[in-house]
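Top line first, the protein sequences correspond to chains A and B.
Position 50 of the first sequence, counting from 1, maps to 50 under the working numbering, and the rest follow consecutively.
Position 46 of the second sequence, counting from 1, maps to 1046 under the working numbering, and the rest follow consecutively.
Just below is one structure, and these are the notes that go with it.
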Amino acid sequence: MKKSNKKIFGYHLAIDLYNCDRKIIRSIENCYRFLDLVPKIIKTNIQSPPFVIYKRNIGFAGWIPVVESGISLYIHFPTNFATVDIYACRRFDYNEVKKFVIDFFKPEKIQEYRFLRGKKYIHPMELLKARGLI
Amino acid sequence: MLDLYDCDPTAVGSLELCYSYLDSLSHILGTSKLAPPFIIYTDENKYPDKAGLSGWVAFFNKKTKTFSGASIHTLTPTNFVSIDICCGNGSLSDLKKAINFTLKIFKPKKIEKGYLKRGKI
Chain A
1 MKKSNKKIFG YHLAIDLYNC DRKIIRSIEN CYRFLDLVPK IIKTNIQSPP FVIYKRNIGF
61 AGWIPVVESG ISLYIHFPTN FATVDIYACR RFDYNEVKKF VIDFFKPEKI QEYRFLRGKK
121 YIHPMELLKA RGLI
Chain B
1001 MLDLYDCDPT AVGSLELCYS YLDSLSHILG TSKLAPPFII YTDENKYPDK AGLSGWVAFF
1061 NKKTKTFSGA SIHTLTPTNF VSIDICCGNG SLSDLKKAIN FTLKIFKPKK IEKGYLKRGK
1121 I
């Protein structure tokens, strides 16, 4: 039987955090620090410092690009709600990251979702082989 | 969540097109941009198998007073594009419009779609 050259492209962890610690989520410094720390935990390479946008009385929106994809964060002040997406094209420990996120924002409740992305992805080297180029 | 395979190579590697794509999404989704899109090239000398672009744009929905956003990650060696669109108003018809717009721009031969309702509690 012909061996498949397909592999998973990426791993995506999405977490919705309810009733987070009010003080923590209202600090732009914390949001920046969070985005700065996650790439280290999932052992990815950052492409730039984090971007964080603030809107008065509403919240923050932030993103950090990593070579292996990206991490985004949205915070809503009126409801103390935060939503986090961690997506990387390398395997990472979902539970370790989840624990870090919970310890950081201290929510009362969470909902998490785990996805495999690019399930039909073919690695560049495999693609070249398949095309008879190497 | 959209994973697009065998996309148009000229689109996958075009900073101008990927920027315009992110820039146009807010209009299609009926929301506002918080700021212009951010977009960067991945260093192809350092990471040849991951060469491409990464970008993000943040939205603000005036009705719900919430943030959301869209991100894109392209890989030129394999013409693969991975996109996440988070739409604050939760309108399925707007999301469909955004998907059709995405397909028109990147012309993938194969796609994988995922849909998720966030913040349900």
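Quick reminder that beta carbons are idealized off the backbone N, C-alpha and C, glycines included.
What you are looking at is a predicted structure, and each value in this text was computed from that prediction instead of being measured.
{"Item": "Among Ile15(A), Ile8(A), Ile25(A), nearest to Val84(A) - alpha-carbon criterion", "Value": "Ile15(A)"}
{"Item": "The region 21 to 39 of chain A touching the region 75 to 90 of chain A, judged by at least three CB pairs closer than 8 Å", "Value": "yes"}
{"Item": "Range of the contiguous beta strand (DSSP E) that encloses Val66(A)", "Value": "59 to 66"}
{"Item": "Contiguous beta strand (DSSP E) assignments of at least 3 residues, all confined to the region 14 to 58 of chain A", "Value": "51 to 55"}
{"Item": "Under 9 Å from the C-beta of Glu1126(B): neighbouring residues of chain A", "Value": "Limits of chain B in this structure are 1001 at one end and 1121 at the other, which puts residue 1126(B) out of reach."}
{"Item": "Per DSSP, the bridge partner or partners of Val1081(B)", "Value": "Leu1004(B), Thr1074(B)"}
{"Item": "Contact set between Leu127(A) and chain B, taken where Cβ atoms lie within less than 8 Å", "Value": "Pro1077, Thr1078"}
{"Item": "Pick from Pro1077(B), Gly1088(B), Cys1087(B), Ser1091(B) that is closest to Asp1008(B), judged by C-alpha positions", "Value": "Pro1077(B)"}
{"Item": "Closer than 9 Å at the beta carbon, the chain A residues around Phe1038(B)", "Value": "Ser48, Phe51, Trp63, Pro65"}
{"Item": "Contact with chain A by Gly1119(B), beta-carbon distance below 7 Å", "Value": "yes"}
{"Item": "Contact under 7 Å by Cβ, Trp63(A) with Ser69(A)", "Value": "no"}
{"Item": "is_contact[Ile42(A), chain B] using C-beta, thresh 7 Å", "Value": "no"}
{"Item": "Beta-carbon proximity of Leu1017(B) to Ala1011(B), cut-off 7 Å", "Value": "yes"}
{"Item": "N-terminal and C-terminal residue of the beta strand (DSSP E) that Tyr74(A) is part of", "Value": "69 to 76"}
{"Item": "Contact set between Gly59(A) and chain B, taken where Cβ atoms lie within less than 7 Å", "Value": "Phe1067"}
{"Item": "Straight-line Cα distance separating Lys1110(B) from Lys120(A)", "Value": "9 Å"}
{"Item": "7 Å Cβ cutoff met for Phe947(B) and Ser1068(B)", "Value": "Only positions 1001 to 1121 of chain B appear in the structure, and residue 947(B) is not among them; the question remains open."}
{"Item": "Residue closest to Thr1042(B), alpha-carbon to alpha-carbon, out of Asn57(A), Val101(A), Cys20(A), Val67(A)", "Value": "Val67(A)"}
{"Item": "Bounding residues of the beta strand (DSSP E) (the contiguous stretch that carries Ser1054(B))", "Value": "1052 to 1061"}
{"Item": "Leu1022(B) (DSSP reduced to helix, strand or coil)", "Value": "helix"}
{"Item": "Interface flag, Ser69(A) vs chain B, CB-CB below 7 Å", "Value": "yes"}
{"Item": "8 Å Cβ shell around Pro1048(B) - same chain, five flanking residues per side excluded", "Value": "Pro1077"}
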